[in-house]
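First up is the structure itself, then whatever we jot down about it.
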Amino acid sequence: AGEASAPLERVTLASLPHSKDVALERDALMAFLQYGHRLDQEILTRVMGLTFRHPALEAVRAAVAAHVQDAARAGWALDAIQDIREPYRALGGELLAANFPARDEDGAVASASSLARGLLIRALDMEKAELLGAVQRVPAESDQGRALRVRLRDVDAERRRLTDA
């Protein structure tokens with residue numbers, strides 16, 4: 002059975018927009034695919050559970066997330082690439098093969114860890130903004146207001162922990 006939809010245009014590194022968010026997501030995926038076996042598994046799992054903002058990078062992230070538990074196994078990244086849906090699979094291959102900017106493997110691992118923290122901090126900042134809005138819409142002394150303030154405190158503490166790491 003043929004489909005009436007037009008073929009999807011292949012997405013590549015060169016076709017991605019130039020923005021701070023895209024650069025963070027792109028570089029993080031490149032680092033995770035190439036050095037995921039050397040990263041803290043808990044941090045890698047947390048980051049791969051976040052939703053990325055760019056649709057093509059989100060498609061790559063979703064496939065990588067499905068394989069992140071295998072990051073210590075040789076060939077895991079190739080398996081993840083095979084699971085990326087079209088038209089994004091070529092982008093995943095490019096991210097795996099691209100030169101990751103680091104002097105050596107230890108530098109690459111440090112950079113990858115920093116990128117992971119950057120993504121987690123971005124998510125915490127977004128959650129904090131949502132919480133601040135919610136706090137203003139509920140009575141301060143209500144159970145919900147107290148719960149929101151506790152969560153705000155926890156978000157701030159987690160952000161400090163990540164920035165101090």
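Counting from 2, one number per residue, gives the positions in the sequence shown under the numbering used here.
Think of the CB as a built atom: it goes at the ideal place given N, C-alpha and C, for glycine as much as any other residue.
request  = Note down, one range per segment and in chain order, each beta strand (DSSP E) of at least 3 residues found wholly within the region 61-85.
outcome  = none
ask   = Just the Cα atoms here: how many angstroms apart are Ala-32 and Leu-17?
value = 17 Å
ask   = For Met-49, which of Arg-152, Arg-90, Ala-113 has the nearest alpha-carbon?
value = Ala-113
ask   = CB-CB under 6 Å to Ala-109, same chain, minus the five flanking residues each way: which ones, in chain order?
value = Tyr-36, Phe-101, Ala-103
query = Pick from Gln-83, Arg-160, Ala-75: whose alpha carbon is nearest that of Val-61?
reply = Gln-83
ask   = Among Gly-134, Arg-86, Gly-94, which one has its Cα closest to the Cα of Leu-9?
value = Arg-86
ask   = On the three-pair Cβ rule with 8 Å, is the region 36-46 touching the region 60-75?
value = yes
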